[in-house]
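Here the structure comes first, spelled out in structure tokens, and everything after it is commentary.
In the numbering used here, the protein residues as written are -19 to 212.
Set out below in structure tokens:
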């Protein structure tokens, strides 16, 4: 199926499988995949490693913002997929820990951080044919995206997915802590002053609580065919 050179914006709650779904689309239709959430995690890791978050969790915004000028976050693509780098260092695993997860939403509420990330994403996506996932892609980053999708799933299903992911990586955690973290992130993401998580009016909703990846593939193929009048 030949898909036109469009921008696909995917938004939704934590652990709804946005990145997995976006990667699936990128592979299925030969699109460039950009993970905006990884960018915020990269900034969070940078803040943690450089002392911009103290022992009580307070963020030194005044020091963090000017320091971003020297932060080189970028994606590198290979046969294994897309990974986030900070300079020459691959930080794809480092940004997926529970510790980073606990600070990423507060970091993402900072307006100047969001502006910095948005500028980076726009520069990465020049030329179109891009699929990007995050919290405000269809509402703020790419409000004119030709296709917008909003993903959701039952909180307990999402917590189980996140728990299984952490266990598979050898990280110690428990289900209650994972569920609490998701609920806290949902609240912060939905109530922040700058670009809160919300469904764009023209976004299609995908509730994948009980869907397999194959079923998601069938869903997106049908959606694209119908919306853009594509005949296979």
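Beta carbons: idealized from backbone N, C-alpha and C, even for Gly.
Could you round the C-beta distance between residue i and residue j to whole angstroms and report it? I think they count as a contact, below 8 Å.
{"i": "residue 25", "j": "residue 71", "result": "6 Å"}
{"i": "residue 1", "j": "residue 196", "result": "6 Å"}
{"i": "residue 180", "j": "residue 89", "result": "Not confirmed; about 20 Å, so no contact."}
Going by the DSSP bridge assignment, what does residue i pair with across the sheet?
{"i": "residue 57", "result": "62"}
{"i": "residue 114", "result": "-9"}
{"i": "residue 168", "result": "BP columns for residue 168 are empty, so no partner."}
{"i": "residue 69", "result": "66"}
What did DSSP end up calling residue i once you bin it into helix, strand or coil?
{"i": "residue 128", "result": "strand"}
{"i": "residue 15", "result": "strand"}
{"i": "residue 75", "result": "helix"}
{"i": "residue 122", "result": "coil"}
{"i": "residue 32", "result": "coil"}
{"i": "residue 187", "result": "strand"}
{"i": "residue -14", "result": "coil"}
{"i": "residue 39", "result": "strand"}
{"i": "residue 151", "result": "coil"}
{"i": "residue 210", "result": "coil"}
Buried or exposed for residue i, going by 16 or more other Cβ atoms inside 10 Å?
{"i": "residue 186", "result": "buried"}
{"i": "residue 167", "result": "exposed"}
{"i": "residue 148", "result": "exposed"}
{"i": "residue 22", "result": "buried"}
{"i": "residue 211", "result": "exposed"}
{"i": "residue 112", "result": "buried"}
{"i": "residue 114", "result": "buried"}
Are the Cβ atoms of residue i and residue j separated by less than 8 Å?
{"i": "residue 153", "j": "residue 146", "result": "yes"}
{"i": "residue -10", "j": "residue -2", "result": "yes"}
{"i": "residue 55", "j": "residue 104", "result": "yes"}
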